[in-house]
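Q: Below is a structure I'd like to ask you about.
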């Protein structure tokens, strides 16, 4: 047995690691996360800024770090959009341009009604010059970004009114994977200019050196995927609902009604037509991405599904919807506790099992080592 | 065919084709309602009311009071391109007023020339200088050019107050030496002098004692073993370009390894991820072979370019390692995430591995997976040590001078700081601040630190 | 001539950089120099391209073992280069539809974008992810308590690994608030804040001095290995 | 027959069978073809070869006879360009949906110009070339307007998935599939980065500085910089660097090389002394006794003392002039200890990042490709 372990082919270790990650990815168990103070302070900051505040996001990373930093970019974008902040995107990495597109895609799809390019968000694209670029925009934004990514002069956009420099931003968010990154934002922006409020999101590798900056130079920080997961948990707690009762009820009703004449698909088409919404919207309701519906839609659905509107309303209330005092919801009120919006939380279970595997491997390696030493194989 | 184009490159809100100029930026009073209300009175009543209202509303309708005491100062330690302006707020600029009487300030600037009267141009408006702002830095100026400034407060209707003006023109001065950096210059000179001093000592023939650095003997051993086994060696100079000193230091060690390789008649390959590094490595190897007296054995293919893409380069290197099974792998330069992939693959093929880097985040992996690791400063020391030239050893002694200086500064600083805290002594606190921010800092000191009142 | 002039060039260029740091009117020179470097590095890629062509063409013409793979490399290289340099399939900028070259070289849907998205990203990201496996094998093989130093290394890794996952919260969640420093997350914070900070700082101070002396050697012409150090 | 040799083809065959059946099941039963990709049409760019046509992006309206119809005026108050439109002068607008020129009509609600229902203006020009503007769409968006199945991207996902498996196969042992992925990525990425260097560095910063008008006219319309003759120096240095390609006089390349290395040395000398020497020492100057509001804080005092002492120990380890014996030796050993703790912490933190990368790759394989999750 021990001999087998000593001779262990490292490919078995590889297989163990593969399974330790693949099984949780496949099963997607959800682990609860509690925001730590360093993450909570980022959340509180964005939450407490008055609606319409200016937020600059510097996405200084490339596709290689996207698995770690993409989720926090998305969560921070969603949160800022939910609060109605005006967003400016820049990157100091030439390879970071697609990362901005990923963030603005969220605004264009999930927040299409509220967010319009140039009005309340702007993509300034890539700024060359590394830390020199940061120094430059602290005093004059247009020196580095004379035009936005579409090539139109910065000052011509509505959102640019009253913005001259980084100091006019109400919050600066640095999401960085290396150089130039958070360290440079701290050194060249937050430290010399007290008017610049900085929060950060960093990769696991670059988290340790940034810790000393909190809480003086950094208001808060999302360290690695765990930080992103904690942020998503905070977002879900504030803007999410339970999201099980409503889809379950609709699902049950659909199953009861569907038969040879009326298929599931055709009933959903009827629902969409009755409520005057697109099919995609109905699908979002059925899979729980939306569970705070406008009353009008509830009534329309109830007619098609031949149940009381009250039943659907109650299911939504059970999910956490608030219909008190004639409150109503817009048609696209997304449920941010839904797993579609929790990329980082989904990645925490593989994290746990892989960490445990690592610990087992370390212990095992040392057991072998001591046994070998006792046998006198090793000095 | 003639193409004629005229693009509309204007920006603006939505539905622009309906055209027309924009509405005023801020809402104004509902004037028609007021008029209708007044018209409801008899004529005399109207007159009386108008007079009364007029007197009452006089302060409301007039332009805001002007700001005072406009001053301009040269920005210190710059290239003469900026001035700082400050002023006292307009008395009407009061946050308690609702509606506010001041919507912001407008700043005008004029260049003073002997030929013509100064022409003022607006350079900042109320969007740039909202209420409660009393300072602004005007940048992008011409050095030595005299400027005049004029500042007015403005209300929501755009009515300007009387202007506050500078009494006389002010000129942005060029600073030919950045005074904030004088102590830093001294530190730089001191360390450089230390290094130069020991280089001179070495040149004079004074024997310099340097402690052994584990891992350096291993370089010779590795080359020897590769020769014995008849297998090649792999040298990886990191993934950064020649603008990283670590790459330069790696190439310096390569000069030594190249020479040994030539003497032992072994084989070495240097795949690079940067074209400039490839060029430099070729230069280095060529002269190493020349120095070993074997110029004929050198050929250009010893160093070749793979790709700038980090993991493309790694893909090649790992493939190369498992196929060619080099007997020794040298990883000397700037490394990032690839460090562990390289070291583990090298380990799996049983190669002797020597690594050296100054990337703190990657050191753990090299330490865990390589036979010898040159940690941080040791890596730079290695290039001097291996060259075998006494004058290069002098630089190591010089570095120690720097460490002594650093240690001294920390010790003195900590003791002073402790005393300042323990004895609550403002004088000691000032001394500590001076040490920390004047001696060791190179930027303007934050004001709140200068005043240890908090 | 062949060696002296380069040394003079290096010394003058370097000294100007040092002086520029202290003289405000020259401060822009440092940025300009950095930009010049980037231009030169970009131009040098032609040398890299030539090296790729030479190496793989030789392998193909020699019919060396595995020359087919060299062919793959060359074809991939040629296609990507031509597609990218000629902006194949890249629409012009929306505001300037009459100027075909104005489009972003990597536009969604264009061939170069496709190559980046479906060839470069998956291979390099997967190479990157191999680290997860190598980290595991290194933990098994190298983290052995051979001596006091190794014990420190693996002990720290053990604590931090636990402290930074759900396991840490689970194991020591019962510890009362006032002893938070003794929980796994608390210990992790102390390690990061004290020893990690101190170690990182000492390494950085040493590196700064190492770089300073290496730079000085280059400026003074003592270290000229980049030009070949012996005659 | 050797069992070890038989294993790879067996495992490979098994995987192929499982994969094939899954694709069949997924396509026929779940009606979801694995790896299917969708794209969303977000507009077109129409290129005209005619006079008097202009276009405004946001309204998606082409306007005929614009020279007469639209003037843009700078509004200093709002700091914006404002369009002044003489609507009577507009002859026709482009209806993107019907792809026809039609007389303009006013939308009664919003007051904006929209294409009318009337028949097309016959003599109006049609675009010579139409570019599609698109972006990726999630599979869940399938069936929404303007969302289409995309062949090229579906093929792309399949290739990406297979290449991912090729790279993973290296963990078992080196094999032709890995070699294929390796040689592919080497060629493609080298060329890709050359393209990036050309369009982001050489064009704007070298050609753009020497011949700005040319660049502004053809490549970067917003490029507004005066010509800078000093960049001829860079041009000459570049050419000298390329001299290496010639069979003779390769030493000429040493000049630009020396320039580069000299610049680097000077730049880094100062940069590192400032950021890593002076600033780090500044950060290490800490009070060893900490008093807050009149009481002593033992915990912070301990922390600070530990930090300062650890820095000293590590610096001793890096000291080259003295052999590590006696007191110095003990101090140096402590220093190594602190370094090892640092490395251990770094190792553990990095693990977290690396696991995430693997997680993402598996999410790609199991989700984007096989659609087993999500």
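Chains as they are written, first to last, in our numbering: chain A, -3 to 375; chain B, 63 to 516; chain C, 12 to 242; chain D, 1328 to 1701.
Cβ atoms here follow ideal geometry from the backbone N, Cα and C, with glycine treated the same way.
1. Residue 198(C): buried (16+ other C-beta within 10 angstroms of its C-beta) or exposed?
2. Does the ligand HEM have a heavy atom nearer than 7 Å to the CB of residue 1572(D)?
3. Decide yes or no for the touch test of the segment 61 to 79 of chain A against the segment 220 to 235 of chain A: beta carbon pairs closer than 8 Å, at least 3 of them.
4. So what does DSSP say about residue 183(B), is it helix, strand or coil?
5. Excluding five sequence neighbours on each side, which residues of the same chain lie with their C-beta closer than 7 Å to the C-beta of residue 1651(D)?
6. Taking the DSSP output, what are the residues bridged to residue 517(B)?
7. Could you tell me how far apart the beta carbons of residue 138(A) and residue 150(A) are, in whole angstroms, since I believe they sit closer than 8 Å?
8. To the nearest angstrom, report how far apart residue 206(B) and residue 231(B) are at their CA atoms.
9. Kindly list, in the order they appear in chain B, the residues whose Cβ is closer than 9 Å to that of residue 135(A).
10. Would you decide whether residue 81(C) is buried or exposed? Buried here means 16 or more other CB atoms lie within 10 Å of its CB.
11. In terms of residue numbering, what span does the alpha helix (DSSP H) encompassing residue 1669(D) cover?
12. Hey, residue 1693(D) and residue 348(A) are a contact pair by Cβ (cut 8 Å); roughly how many whole angstroms apart?
13. Mind listing which residues of the segment 194 to 209 of chain A have their C-beta closer than 9 Å to chain B's C-betas, in chain order?
14. Can you give the Cα-Cα distance for residue 184(B) and residue 210(B), rounded to whole angstroms?
15. Considering only the alpha carbon of each residue, which of 444(B), 478(B) and 496(B) lies closest to residue 273(B)?
16. Assign residue 348(B) to buried or exposed, taking buried as 16 or more other Cβ atoms, counted over all protein chains shown, within 10 Å of its Cβ.
17. Which two residues bound the contiguous beta strand (DSSP E) that contains residue 414(B)?
18. Comparing C-alpha positions only, which one of 503(B), 309(B), 344(B) and 501(B) sits nearest to residue 364(B)?
19. Which residues share a DSSP beta bridge with residue 197(A)?
20. Let me confirm a value: residue 103(C) is counted as buried when at least 16 other C-beta atoms fall within 10 Å, else exposed. Which label applies?
21. Can you give the Cα-Cα distance for residue 230(A) and residue 31(A), rounded to whole angstroms?
22. Three Cβ pairs or more, each shorter than 8 Å: is that satisfied between the segment 258 to 273 of chain A and the segment 332 to 350 of chain A?
23. Got a sec: is the Cβ-Cβ distance from residue 22(A) to anything in chain D below 8 Å?
24. Name the residues in the segment 157 to 178 of chain A whose C-beta lies less than 9 Å from a C-beta of chain B; which are they?
25. Assign residue 1477(D) to one of three DSSP states: helix, strand, or coil.
26. Comparing alpha-carbon positions, which option in 325(B), 369(B), 336(B) and 169(B) lies nearest residue 350(B)?
27. Which residue from 436(B), 414(B), 410(B) and 415(B) puts its Cα closest to that of residue 422(B)?
28. Could you check where the alpha helix (DSSP H) with residue 337(B) kicks off and where it finishes?
29. Using 8 Å as the Cβ pair cut-off and three pairs as the minimum, do the segment 133 to 152 of chain C and the segment 85 to 94 of chain C touch?
30. Taking the alpha-carbon positions, what's the residue 353(A) to residue 1681(D) distance?
31. If you check the beta carbons only, do residue 313(B) and residue 236(C) fall under 8 Å apart?
32. Since residue 127(B) contacts residue 223(B) with CB under 8 Å, what's their CB separation in whole angstroms?
33. Which residues in the same chain have their Cβ closer than 6 Å to the Cβ of residue 137(B), if we skip the five residues on either side of it in sequence?
34. Judging by CA-CA distance, which residue of 325(A), 302(A) and 89(A) is the nearest neighbour of residue 312(A)?
35. Quick one: which chain C residues come within Cβ less than 8 Å of residue 275(A)?
36. Using the three-state DSSP reduction, which class does residue 89(A) fall into: helix, strand or coil?
A: This is what the structure holds:
1. Indexing the third chain from 1 puts residue 198(C) at position 187. Buried, because 16 or more other Cβ atoms sit within 10 Å of the Cβ of residue 198(C).
2. In the structure shown, the ligand HEM is absent, as is every other ligand, since no ligand is present at all.
3. yes
4. Locating residue 183(B) in the second chain gives position 121, counting from the first residue. If DSSP states are grouped into helix, strand and coil, residue 183(B) belongs with the strands.
5. On the fourth chain, position 324 is the one that residue 1651(D) refers to. Closer than 7 Å at Cβ, skipping near neighbours: 1659.
6. In the structure as shown, chain B starts at 63 and stops at 516, and residue 517(B) therefore has no counterpart that could be examined.
7. Here residue 138(A) refers to the residue found at position 142 when the first chain is read from its first residue. Here residue 150(A) refers to the residue found at position 154 when the first chain is read from its first residue. The pair is a contact, with the Cβ atoms about 5 Å apart (cut-off 8 Å).
8. Working through the second chain from its first residue, we reach residue 206(B) at position 144. Working through the second chain from its first residue, we reach residue 231(B) at position 169. So the alpha carbons of these two residues sit roughly 11 Å apart.
9. Here residue 135(A) refers to the residue found at position 139 when the first chain is read from its first residue. Going along chain B in sequence order, the residues near residue 135(A) (Cβ under 9 Å) are 144, 199 and 201.
10. Reading the third chain from its first residue, position 70 is the one you call residue 81(C). That one is buried.
11. Within the fourth chain, the letter at position 342 stands for residue 1669(D). First-last of the alpha helix (DSSP H) with residue 1669(D): 1653 to 1690.
12. Residue 1693(D) sits at position 366 when you count from the first residue of the fourth chain. Residue 348(A) sits at position 352 when you count from the first residue of the first chain. Not really, about 18 Å apart at Cβ, beyond 8 Å.
13. 201, 202, 204 and 205
14. Translated into the one-based positions of the second chain, residue 184(B) becomes position 122. Translated into the one-based positions of the second chain, residue 210(B) becomes position 148. Going by the C-alpha atoms only, they are around 12 Å apart.
15. Within the second chain, residue 273(B) is the residue found at index 211, counting from 1. Checking every option, the nearest Cα to that of residue 273(B) belongs to 444(B).
16. The sequence position of residue 348(B) within the second chain is 286, counting from 1. Burial call: buried.
17. Indexing the second chain from 1 puts residue 414(B) at position 352. Note, residue 414(B): beta strand (DSSP E), 414 to 419.
18. As a position in the second chain, residue 364(B) is number 302, starting the count at 1. Out of 503(B), 309(B), 344(B) and 501(B), 344(B) has the C-alpha closest to the C-alpha of residue 364(B).
19. Walking along the first chain from the start, residue 197(A) turns up at place 201. Partner(s): 171(A) and 218(A).
20. Residue 103(C) sits at position 92 when you count from the first residue of the third chain. Per the 10 Å Cβ criterion, buried.
21. Here residue 230(A) corresponds to residue number 234 of the first chain, with the count starting at 1. Here residue 31(A) corresponds to residue number 35 of the first chain, with the count starting at 1. In a straight line, the C-alpha of residue 230(A) is about 6 Å away from that of residue 31(A).
22. no
23. What you label residue 22(A) is simply residue 26 of the first chain in a count that begins at 1. It does; some Cβ of chain D falls within 8 Å.
24. 157, 158, 159, 160, 164 and 174
25. Numbered from 1 along the fourth chain, position 150 holds the residue referred to as residue 1477(D). In this structure, residue 1477(D) counts as coil in the three-state DSSP scheme.
26. If you number the second chain from 1, residue 350(B) lands on position 288. Nearest option by C-alpha distance: 325(B).
27. Reading the second chain from its first residue, position 360 is the one you call residue 422(B). Among 436(B), 414(B), 410(B) and 415(B), the Cα nearest to that of residue 422(B) belongs to 436(B).
28. Here the question's residue 337(B) lines up with position 275 in the second chain. Start and end: 337 to 353.
29. no
30. What you label residue 353(A) is simply residue 357 of the first chain in a count that begins at 1. What you label residue 1681(D) is simply residue 354 of the fourth chain in a count that begins at 1. Cα to Cα, the separation comes out at about 14 Å.
31. Looking up residue 313(B) in the second chain gives position 251. Looking up residue 236(C) in the third chain gives position 225. Cβ distance < 8 Å, so residue 313(B) and residue 236(C) count as in contact.
32. If you number the second chain from 1, residue 127(B) lands on position 65. If you number the second chain from 1, residue 223(B) lands on position 161. About 6 Å; that satisfies the 8 Å criterion.
33. For the purposes of this step, residue 137(B) is identified with residue 75 of the second chain, where counting begins at 1. Here the set comprises 144 and 146.
34. Taking the first chain and counting its residues from 1, the one referred to as residue 312(A) is at position 316. If we check each option's Cα against that of residue 312(A), 325(A) comes out closest.
35. Here the question's residue 275(A) lines up with position 279 in the first chain. Here the premise fails: no neighbours, minimum Cβ distance about 25 Å.
36. Residue numbering aside, residue 89(A) sits at position 93 when the first chain is read from its first letter. Three-state result, residue 89(A): coil.
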